[in-house]
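The block underneath contains the structure these notes are about, expressed in structure tokens.
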Amino acid sequence: MADESEGRETAVAGETGRGFRPGSLDAVNFLLADVRGALGPYLNVFLVTQQHWSQSEVGLVTSLAGWLGLAVQTPIGAAIDATHRKREAIVLALVVLGAGALCIYLFPAFWPVLIANALIAVVGDVFGPAVAALTLGLVPQRMLARRMGRNAAFDHAGNVAVAALAGLVGWLFSQQAVFLLVPVFAILSSLAVLSIPAAAIDQRRARGVEASAGGEANGGAGDREKVSGMGILVQCRPLRIFGICALLFHFANAPLLPLVGQKLAAAHPEWATVMMSSCIIAAQLVMLPIAILVGRTADRLGRKPILLVGFAILPLRAVLYTLSDDSAWLIGVQLLDGVGAGIFTALTPLVIADLMRGTGRYNLAFGAVATMQGVGAATSGFVTGMIVDRFGYSAAFLTAGAMALIALAALFLGLPETAPASPAEAGVGPLEEPSLAE
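824 is the number of the first residue of the sequence shown in this note's numbering; add one for each residue after it.
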């Protein structure tokens, strides 16, 4: 995959002489997707169809766990900025994630599920900013757009793999058995993370600080002098706008797949896991080439035009779900998620890197935006559950579509283009080019 990009990254790795192989980062993204994907929407479907929980109960557990995770999202980003042990942070989070999934498998009652899901939500905050930080620390700025696209592509490939495997496990054994995949992939992910040499990570660049001429590569006084205060989160207007857009986007997008999965499971209870896997695979197969395309065009076309396309897909998808209950139609509409969410996922770490260039607060900002995303997702889980219980699925889909339209308008009117004015400026540090955060 992406032979040209791999060749360039290998050349850079050779220049640093620190032993980094691009395949290690590929494996991290692929396997971490497997860990997360083996839980995700399967939990909601399992609780509704097998444990006979109400929509309100599922929404309550999802929202409570989500809000607890949100409380630590931004502090986790700040901690990842500060620590030089980013690999170890990912491994520790994987241990907790695997234990939580095992708890859900063994004790699928309200309180064990609530506690395990809360722990999973907290440690899940680590993966996005930590992997993005590793990428910044391993890959030069001039190659960042392509590498971020490649990260997203391997993430989507991992989601396809685990969805197919989960569907097979659910069909051969039970929906509950799917949760046993998580500890297995947690072990494999830990091995992949530890295969990246610690010495290969430029700790300055990993937090968005470019090394000055003659400076130390991995910290020191120069690093401290160039790091912005935490107030950058409110001082950077484009970051605030992007965070609001992310909140609205995830409020609209997060409940769609679980709701579709529940409709499919109700119509075909014996095929519930297989149907859910079909929805995930359909979207992820589209996301994979979308991520590569975004990585290759984001510098040339700019971030905003591509984001607008992704945001415009979401309200259309929400409305289309209301037109038919046919299983083939619902799975077909789910393909649109591959375009909308695929674009958003690939561009989010790149937009944040643009905005935080030279501030030294990349992971803090990543955590803050992830918090906004989580606020939207956690809130929508409870809200849509209540709407479905009282007014039905179509009303929930249309509510999500209305929020998606508001997100599109906010993005179009409020967010400026964040890409460097020219490709040559992509590698210019903060001393030569003012940061967009200023």
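Ideal placement from N, C-alpha and C gives every residue a C-beta, glycine not left out.
Could you give the C-beta distance for residue i and residue j, rounded to a whole number, given that I count them as a contact under 8 Å?
i, j, result
"Gly-1066", "Gly-1181", "At roughly 20 Å, the Cβ-Cβ gap does not stay under 8 Å, so Gly-1066 and Gly-1181 are not in contact."
"Thr-1194", "Thr-897", "5 Å"
"Gly-993", "Ala-944", "In fact, because the Cβ distance is near 23 Å, the residues do not count as touching under 8 Å."
"Tyr-1144", "Val-1132", "About 20 Å; that fails the 8 Å criterion."
"Ser-1012", "Leu-855", "5 Å"
"Ile-1129", "Leu-1170", "6 Å"
"Gly-842", "Pro-1020", "5 Å"
"Pro-931", "Gln-874", "6 Å"
Is the CB-CB distance between residue i and residue j below 8 Å?
i, j, result
"Cys-1059", "Val-1083", "no"
"His-1091", "Gln-1196", "no"
"Gly-972", "Ile-1104", "no"
"Gly-1161", "Leu-1080", "no"
"Leu-1071", "Ala-916", "no"
"Gly-1190", "Ile-899", "yes"
"Val-1050", "Arg-908", "no"
"Leu-1221", "Ala-1121", "no"
"Ala-1219", "Val-1211", "yes"
"Tyr-865", "Ala-1022", "no"
"Cys-1068", "Ala-902", "no"
"Val-1016", "Val-851", "yes"
"Ser-877", "Phe-1205", "no"
"Leu-1187", "Leu-1056", "yes"
"Ala-1029", "Ala-912", "no"
"Gly-1165", "Ala-1242", "no"
"Gly-1118", "Arg-969", "yes"
"Val-881", "Gly-1208", "yes"
"Gln-999", "Val-868", "no"
"Ala-1176", "Leu-959", "yes"
"Ile-1024", "Leu-937", "no"
"Leu-1173", "Leu-848", "no"
"Met-1098", "Leu-1111", "no"
"Phe-996", "Tyr-928", "no"
"Ala-894", "Asn-940", "no"
"Leu-1159", "Leu-1146", "no"
"Val-946", "Ala-1009", "no"
"Leu-1137", "Ala-1225", "no"
"Val-985", "Leu-1014", "no"
"Ala-1106", "Ser-1203", "no"
> Whole alpha helix (DSSP H) runs in the segment 1044–1083 with 4 or more residues, listed along the chain?
Replying inline: 1044–1049, 1055–1058 and 1060–1076
> Where in the segment 1122–1173 do unbroken runs of the alpha helix (DSSP H), each at least 4 residues long, occur, reported from the N-terminal end onward?
Replying inline: 1126–1143
> With contact counted as at least three CB pairs below 8 Å, one residue from each stretch, are the segment 970–978 and the segment 911–924 in contact?
Replying inline: no
> Which runs of the alpha helix (DSSP H), 4 residues or longer, sit entirely within the segment 869–952?
Replying inline: 878–905 and 909–929
>> Which complete beta strand (DSSP E) runs does the segment 1205–1239 hold, if anything under 3 residues is left out?
In response: none
> Which residue spans inside the segment 1094–1124 form an unbroken alpha helix (DSSP H) run of at least 4?
Replying inline: 1095–1124
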